[in-house]
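Worksheet: one structure, shown below.
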Amino acid sequence: MKLSTVDELRNDIRQVRYLRNYLLLITKKHPMKKSFKKNINSEIPSLVHFYANWCTPCKLMTPILEQIEEEMGESLNVVEIDVEAKKKLSRRYKIKSLPTLLIFKNGEPLWRQSGMIQKNDIKKAIIEFA
């Protein structure tokens, strides 16, 4: 395998490590960890996932949100907020249960859902408020 292939993979948002003649994919950058304020104030809708590391339903929602982000592409910002790390932000938006999803556009919260929700229902809400 050529070094140029490794460079191409790095550009493909994956970090790689060459070890014992094997190319190992070690980690994938988390695409949803983006600036909260910048994204919610955008004209592009932002889907914000308030979660906690100890929350099992939150962990189940993460791959669903990653799929939505991949499918929606540039027409949607997806942001994750850890309620343990961002307590002030969680209080501002009155996060009482987890997971909680909010859709923002131009800084305004337009939609809110707490608890588990199906992928298609999330996409319908995004389309409705986009």
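Residue numbers (our numbering): 5 to 134.
Note that beta-carbon positions come from the ideal geometry of N, C-alpha and C, so glycine has one too.
Chain-order list of residues whose beta-carbon lies under 6 Å from that of residue i (same chain, five-residue window excluded)
i	result
L106	V52, P113 and R116
E88	A56
M65	P103
Collapsed DSSP secondary structure at residue i in the structure displayed
i	result
P113	strand
E74	helix
I130	helix
Buried versus exposed, by CB contacts within 10 Å (16 or more), residue i
i	result
N81	buried
S94	buried
T104	buried
P49	buried
L102	buried
E12	Legend: pLDDT at E12 = 49, less than 50; position of this residue unreliable, value from coordinates given subsequently. Exposed, by the Cβ-count rule.
Length of the line joining the Cα atoms of residue i and residue j
i	j	result
S118	Q71	19 Å
L69	P61	12 Å
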